[in-house]
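> Mind having a look at this structure? Questions to follow.
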Amino acid sequence: MGVRYLFGDSGLFPGSNNFLEILRGFIVHVGRAAMVQADIEAKERALGEAVTGTSKQLDAVAAFFTDVIPEINHVGADRPADVRPLVTELAEFAQRLHDSTRSKAMAALEGKKSTTAREVAELKSEIPGCLNNFFVQSPLEEKEWAFSMRRGVDTAEASAVVTYPQGIEAAFVLDAEPEWGVAHKVGELARDVNIQIGMKKKFLSKSLVPDRTYLNDYYFASIELADEVTELVLKRKLETEEGLMIRLVTPLGEAPVGEVIKVGGEAEVHAATPEDAAELRRLVDALRDVVKVTVRRRSRLLWVRLDEKDVLEHDLLMMMLERLVDTLAPLAQEISRRSPNRHELSLKVEHSDGRREEIYLKKDELAQPLAGLPSPVWKIFSRLGVLPAVS
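Here the sequence shown is numbered in the numbering used here, starting from 913 and rising by one per residue.
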């Protein structure tokens, strides 16, 4: 048994993770991302205003010279011949002044566009790091996950897609070294898994009989493991193409359904018998126990999606922020209500030996990273219901 969490009044806490650390990580890292996004929007808004202002300025300048230059020519038309060259020179000067005024204004605007683009790009490059720090370091309560591993002769690469109840999905690169740094055989996880992999000719006969094999000496070449569907590629030698692809569907409350495909040559598909599917489920259950450990070891965020859309590509950061706030708020408010000190959020940690310790966050320190947020963004965070106002 590991640790469990209690409210400050010693009532049983419903979460299995350190909610205070999650909340702190949310404020620090997602708060920083929101601050950066607000800066981006402010710069883009200022650029839009500059474009509009420059357009109005140049329209006014053009209208002015449209009136002035014809008037110069009109007035000069009645002047003596020795004055007319001056009239022409004055009109040409006015035209040059118009052109130079326009050129300077456009150059200044292009300079602002270039500066804004550079600054926005720099700011945008910071947001993925903020999200990485939050999702990698702050273990939100999860709905489900899907694990993927590719094994080479010398190395393994693993990743996971984690689904959260808020309609958020996040993909991670995993540190697979402890469990998958060396190649593992099936027999190391589940001994004597024996299945039919096709049909073969009976010895000294033309009749066909089931071709059965033990999987003990097959290596895991690739693993795709989700709640209800598992796909494995098993090989006797990792450097060869030949092997077995095993697909097992395990619907909740129903018997597993599987199939075995020979790969590396002419594909042969064989539907697993109910008995073989049960054997494969034994393997998958043993595999899942190992994979659960790997899935928790997240080293880098690959992407975040909200309602199946990439958060950064579709500018959904603020929508995700609202979704997370609305998810965290009820528990944060309940912790606040049940904390002995109204200026703190506190929980108790109960260890396996019965020992208890208090952990807490001071509300004013929790809110401090949000100082300087624009009012509309601050109002989103304030829906947590536990943050004092900051300036």
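We put the beta carbon where it would ideally sit given N, CA and C, even for glycine.
With burial defined as no fewer than 16 other Cβ atoms inside 10 Å of the residue's Cβ, what is the status of Phe1115: buried or exposed?
For this step, residue 1115 is matched to residue 203 along the sequence shown. Exposed: under 16 other Cβ atoms inside 10 Å.
> How close, in whole Å, do the beta carbons of Leu970 and Ala1017 come, if the pair is a contact with beta carbons under 8 Å?
To locate residue 970, count along the sequence shown from 1; it is residue 58. To locate residue 1017, count along the sequence shown from 1; it is residue 105. With 8 Å as the limit, Leu970 and Ala1017 qualify as a contact, their Cβ atoms being about 6 Å apart.
> Check Leu1296 in the structure and name its three-state DSSP category.
In the sequence shown, residue 1296 corresponds to position 384, counting from 1. Reduced to three states, the DSSP call for Leu1296 is coil.
> So, using beta-carbon positions, are Leu1192 and Gly920 closer together than 8 Å?
Taking the sequence shown and counting its residues from 1, one reaches residue 1192 at position 280. Taking the sequence shown and counting its residues from 1, one reaches residue 920 at position 8. It is not a contact, given that the beta carbons lie outside the stated cut-off.
> Grab the span of the alpha helix (DSSP H) containing Ala1133 for me, first residue to last.
Here residue 1133 refers to the residue found at position 221 when the sequence shown is read from its first residue. It is not in any alpha helix (DSSP H) - Ala1133 instead sits in the beta strand (DSSP E) that spans Tyr1131 to Leu1137.
> Suppose you measure from the CA of Val995 to the CA of Gly965; what does that come to, to the nearest Å?
One-based indexing of the sequence shown puts residue 995 at position 83. One-based indexing of the sequence shown puts residue 965 at position 53. Taking the straight line from one Cα to the other gives about 39 Å.
> Out of Ala1279, Ser1294, Arg1267 and Gly1170, which one is the CA nearest neighbour of Val1237?
To locate residue 1237, count along the sequence shown from 1; it is residue 325. Taking only the C-alpha atoms, the option nearest Val1237 is Ser1294.
> Do Arg1210 and Phe1084 count as a contact pair if the criterion is CB distance below 8 Å?
In the sequence shown, the residue the question calls residue 1084 occupies position 172. In the sequence shown, the residue the question calls residue 1210 occupies position 298. Cβ atoms of Phe1084 and Arg1210: closer than 8 Å.
> Just checking, does the stretch 1193 to 1206 make contact with the stretch 1097 to 1107 on the three C-beta pairs under 8 Å criterion?
Verdict: yes, contact present.
> Only counting the same chain, and skipping five residues up and downstream in sequence, which positions put a Cβ closer than 6 Å to that of Trp1057?
Numbered from its first residue, the sequence shown carries residue 1057 at position 145. Correct list, in chain order: Ala1072, Val1074 and Val1207.
> Going by other Cβ atoms of all chains shown within 10 Å of its Cβ, with 16 needed for buried, is Pro997 buried or exposed?
Residue mapping note: residue 997 aligns to position 85 of the sequence shown, counting from 1. By the neighbour-count rule (16 or more Cβ atoms within 10 Å), Pro997 is not buried but exposed.
> Could you check the C-alpha separation between Leu928 and Glu1246 for me, to the nearest Å?
Here residue 928 corresponds to residue number 16 of the sequence shown, with the count starting at 1. Here residue 1246 corresponds to residue number 334 of the sequence shown, with the count starting at 1. Sequence check: residue 928 is Ser here, not Leu. Between Ser928 and Glu1246, the C-alpha separation is close to 16 Å.
> Please name the residue, chosen from Lys1275, Glu1069, Ile1080 and Gln1108, that lies closest to Ala1095 on a Cα-to-Cα basis.
For the purposes of this step, residue 1095 is identified with residue 183 of the sequence shown, where counting begins at 1. Here the closest residue by C-alpha is Glu1069.
> Tell me the residue span of the beta strand (DSSP E) that contains Asp1219.
Residue 1219 sits at position 307 when you count from the first residue of the sequence shown. No beta strand (DSSP E) contains Asp1219, which DSSP labels as neither H nor E.
> Since His1182 sits in a beta bridge, which residues does DSSP pair it with?
Looking up residue 1182 in the sequence shown gives position 270. His1182 is bridged to Val1172.
> What are the uninterrupted segments assigned as beta strand (DSSP E) that are 3 or more residues long and contained completely in the stretch 963 to 996, given in chain order?
List check, beta strand (DSSP E) in window: nothing returned.
> Could you give the DSSP three-state label for Pro1051: helix, strand or coil?
Indexing the sequence shown from 1 puts residue 1051 at position 139. Three-state DSSP puts Pro1051 in coil, outside helix and strand.
> Tell me Ala1082's beta-bridge partners as DSSP assigns them.
If you number the sequence shown from 1, residue 1082 lands on position 170. BP columns for Ala1082 point to Val1074 and Val1216.
> Assign Val963 to buried or exposed, taking buried as 16 or more other Cβ atoms, counted over all protein chains shown, within 10 Å of its Cβ.
For the purposes of this step, residue 963 is taken as the residue at position 51 of the sequence shown. Exposed, by the Cβ-count rule.
> Taking the alpha-carbon positions, what's the Gly1093 to Gly1266 distance?
In the sequence shown, the residue the question calls residue 1093 occupies position 181. In the sequence shown, the residue the question calls residue 1266 occupies position 354. Going by the C-alpha atoms only, they are around 36 Å apart.
> Where do the N-terminal and C-terminal ends of the beta strand (DSSP E) with Leu936 fall, by residue?
Start at 1 with the first residue of the sequence shown, and residue 936 comes out as number 24. Sequence inspection shows Arg at residue 936; the Leu mentioned does not correspond to that position. It is not in any beta strand (DSSP E) - Arg936 instead sits in the alpha helix (DSSP H) that spans Phe931 to Gly937.
> Who pairs with Gln1108 in a beta bridge, going by DSSP?
The residue labelled residue 1108 in the question sits at position 196 within the sequence shown. Bridge partners of Gln1108: Arg1124.
> Just list the residues that DSSP pairs Ser1251 with in beta bridges.
Counting from one through the sequence shown, the residue named residue 1251 turns up at place 339. Answer is none; Ser1251 lacks a bridge partner.
> Just the C-alpha distance for Lys955 and Ile1292, rounded to the nearest angstrom, thanks.
By 1-based counting over the sequence shown, the position of residue 955 is 43. By 1-based counting over the sequence shown, the position of residue 1292 is 380. So the alpha carbons of these two residues sit roughly 21 Å apart.
> Between Val1175 and Val1161, how many whole angstroms is the CB-CB distance? I'm expecting something under 8 Å.
Within the sequence shown, residue 1175 is the residue found at index 263, counting from 1. Within the sequence shown, residue 1161 is the residue found at index 249, counting from 1. Not quite, the Cβ-Cβ distance comes to about 19 Å (not below 8 Å), so this is no contact.
> First and last residue of the beta strand (DSSP E) that includes Leu1146?
The residue you call residue 1146 lines up with position 234 of the sequence shown. It spans Val1141 to Lys1147 - the beta strand (DSSP E) in which Leu1146 sits, taken as one unbroken run.
> With C-beta atoms as the reference, is Leu932 less than 8 Å away from Leu1257?
Start at 1 with the first residue of the sequence shown, and residue 932 comes out as number 20. Start at 1 with the first residue of the sequence shown, and residue 1257 comes out as number 345. The answer is yes: Cβ separation under 8 Å.
> Going by C-alpha to C-alpha distance, which of Thr1185, Arg1030, Lys1118 and Leu1213 sits closest to Asn1106?
As a position in the sequence shown, residue 1106 is number 194, starting the count at 1. Of the listed residues, the one whose Cα sits closest to Asn1106 is Thr1185.
> What are the residues that DSSP puts in a beta bridge with Ser1287?
Mapped onto the sequence shown, residue 1287 falls at position 375. BP columns for Ser1287 are empty, so no partner.
> Residue range of the alpha helix (DSSP H) that Leu1273 falls in?
Within the sequence shown, numbered from 1, the residue matching residue 1273 stands at position 361. That residue, Leu1273, is in no alpha helix (DSSP H); its beta strand (DSSP E) goes Arg1268 to Lys1274.
> Based on the DSSP output, what are the partners of Trp1057 in its beta bridges?
Counted from its first residue, the sequence shown places residue 1057 at position 145. Val1074.
> Would you identify the three-state DSSP class for Val1032, choosing helix, strand or coil?
Against the sequence shown, residue 1032 aligns to sequence position 120. Correct three-state label for Val1032: helix.
> Please state whether DSSP places Phe1005 in a helix, a strand or coil.
Taking the first residue of the sequence shown as position 1, residue 1005 is located at position 93. Here Phe1005 sits in helix by DSSP.
> Quick test of your reading: Gln1078 and Arg1235, contact by CB under 8 Å. State the CB separation rounded to the nearest angstrom.
Counting from one through the sequence shown, the residue named residue 1078 turns up at place 166. Counting from one through the sequence shown, the residue named residue 1235 turns up at place 323. Indeed, because the Cβ distance is near 5 Å, the residues count as touching under 8 Å.
> Rounded to a whole number of angstroms, what is the C-alpha to C-alpha distance between Pro1252 and Gly1297?
Taking the first residue of the sequence shown as 1, we reach residue 1252 at position 340. Taking the first residue of the sequence shown as 1, we reach residue 1297 at position 385. Straight-line Cα distance between these residues: approximately 17 Å.
> When we look at the beta-carbon of Ala975 and count the other beta-carbons within 10 Å, is it buried (16 or more) or exposed?
The residue you call residue 975 lines up with position 63 of the sequence shown. By the neighbour-count rule (16 or more Cβ atoms within 10 Å), Ala975 is not buried but exposed.
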